[in-house]
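Residue numbers (my numbering): 370 to 554.
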């Protein structure tokens, strides 16, 4: 059991509220999802999860994820977006790296995914902009950034990244207030 298990009420079966003071930097986080491919994945999530059960570096990966979770908790409190970006991107790539190192190996990322990742890193470095990426369980790339930089990021997506998306599609999303109970009548 790693450090994340020390949190009160922790379970692998359900989510628990995070009881830390979140820095204002993260109050307006945006998530622009670049749709690289909307087709069915060549490897199902269930099959992929089963391959991880006996993966030779499974335990190391679990420990790394738990350590990164604790680090992220601290970064969410301090507002250090660069540190946040480093861990978020490392986590995204580590998960896909496991797939590539499984037996049999496979990749859900496309050449376009890698090109988008490279361009996001270059954009962040050249523009000194608080932006990072993460990945879904497929080839699509999520661009994470504070609302105050939305204009610049949308211009970047339209100018450099939308050509890598299926018919130029992307979805703009943002942080919400959390789950709300629906009452159906």
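In this text, a Cβ means the ideal position worked out from N, Cα and C, and glycines have one as well.
- Are the segment 440-460 and the segment 404-411 in contact at 8 Å, needing three or more beta carbon pairs? no
- Can a CB atom of chain B be found closer than 8 Å to the CB of residue 499? Protein chain content of the structure displayed is limited to a single chain, and chain B is not contained in it.
- Hey, which unbroken runs of the alpha helix (DSSP H) at 4 residues or more fall wholly within the segment 471-532? 480-496 and 519-525
- Check each candidate in 523, 445 and 519 and name the one with the smallest Cα separation from residue 391. 445
- Message: Buried or exposed, going by whether 16 or more other CB atoms sit within 10 Å of the CB of residue 469?
- Response: exposed
- Nearest-angstrom Cα separation, counted from residue 508 out to residue 477: When only Cα atoms are considered, residue 477 and residue 508 end up about 6 Å apart.
- Inter-residue spacing [alpha-carbon to alpha-carbon] between residue 500 and residue 535: 22 Å
- Message: Measuring only the C-alpha atoms, how far is residue 452 from residue 514?
- Response: 13 Å
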